[in-house]
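Trainee:
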Amino acid sequence: MNFETKWIGSILDSEEYAFFEEYLNADVYDCLESKINDWGQVTMWEACRDYAIGDYVLYNGSVYKFIGVDSTNVPFNDLINWELAKRFVDDNLNKLWERHLLSVLATKIYIAAIPAATYQVSAVGATALTDTNDGLRGVTKSEISLLMDSWGQRLFNKVQHMKNYINKNIDTLPCFDYLTGCGNSGIRNEKKGSTKIYFL
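In my numbering, the protein residues as written are 547 to 746.
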């Protein structure tokens with residue numbers, strides 16, 4: 547999904563937290579937050595710049611860690627000198643992240659941003675960007691409903707697939723013990739102040 551970040555900046559932390567409140571629980575969110583790798587300063591990758599081992603760069607929408615001797619090679623194509631940055635300090639959480647959680651959260655946030663990014667409201671009513679992105683046209687209620695229903699179904703499918711993975715790997719996933727056993731809070735209904743993980 548290629549999407550302007552201006553549409554997600556204001557909703558990122560609240561949508562992310564809302565996902566955990568709705569589908570898992572807030573205790574899992576808080577635990578995952580405590581297990582995030584500290585990447586320090588992440589800069590845009592530059593071809594002619596020398597990087598030190600352990601430096602993190604952003605390239606083509608992904609964060610990479612420099613682990614080799616030649617930092618001038620494009621991170622995406624050079625797995626000897628660069629590796630995808632690990633989001634968590636735990637390998638099993640990283641597997642969950644790479645296989646499911648990143649995609650699920652990205653989809654949730656994308657869905658939340660679609661109405662503001664695509665459909666503009668003015669004195670003449672709702673309009674939508676055209677396919678060529680050079681103008682606006684009128685939008686029907688059925689178009690909006692179809693789009694949101696379609697993305698909603700995709701999110702549901704992704705979440706079910708992720709929950710299946712969690713159930714199969716519950717014994718190896720830290721933080722997910724909050725979903726089982728006595729005294730677990732289950733899916734919480736009450737809200738609390740949002741903290742920021744910024745998974746994306």
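C-beta: ideal position from N, C-alpha, C; glycine also. As the structure is a computational prediction, the values presented were derived from the model and not from experiment.
Does the Cβ of Ile655 have 16 or more other Cβ atoms within 10 Å, making it buried, or fewer, making it exposed?
Mentor: buried
Trainee: Which ranges would you report for the alpha helix (DSSP H) in the region 624 to 650 if only whole runs of at least 4 residues count?
Mentor: 637 to 642
Trainee: From Phe566 to Leu648, what distance separates their C-alpha atoms?
Mentor: 13 Å
Trainee: Where does Ser620 fall in DSSP's three states?
Mentor: Before going on, a small fix: residue 620 reads as Val here, not Ser. In this structure, Val620 counts as coil in the three-state DSSP scheme.
Trainee: Assess contact between the region 635 to 654 and the region 615 to 623, defined as three or more Cβ pairs (one per stretch) separated by less than 8 Å. Is contact present?
Mentor: Per the Cβ contact rule, the region 635 to 654 is not in contact with the region 615 to 623 (fewer than 3 Cβ pairs under 8 Å).
Trainee: Below 8 Å, can you find three or more Cβ-Cβ pairs linking the region 601 to 613 to the region 581 to 591?
Mentor: Enough Cβ pairs lie closer than 8 Å, so yes.
Trainee: Note down the Cα distance separating Ile582 from Asp636, rounded to an integer number of angstroms.
Mentor: 9 Å
Trainee: Using the rule of at least 16 other Cβ atoms within 10 Å of the residue's Cβ for burial, across every protein chain shown, is Thr686 buried or exposed?
Mentor: Under the 10 Å beta carbon count, Thr686 is surrounded by fewer than 16 other beta carbons and is classified as exposed.
Trainee: Restricting to Cα atoms, I'd like to know which of Asp559, Pro720 and Ile557 is closest to Asn640.
Mentor: Pro720
Trainee: List the endpoints of the continuous beta strand (DSSP E) containing Tyr602.
Mentor: Tyr602 to Tyr605
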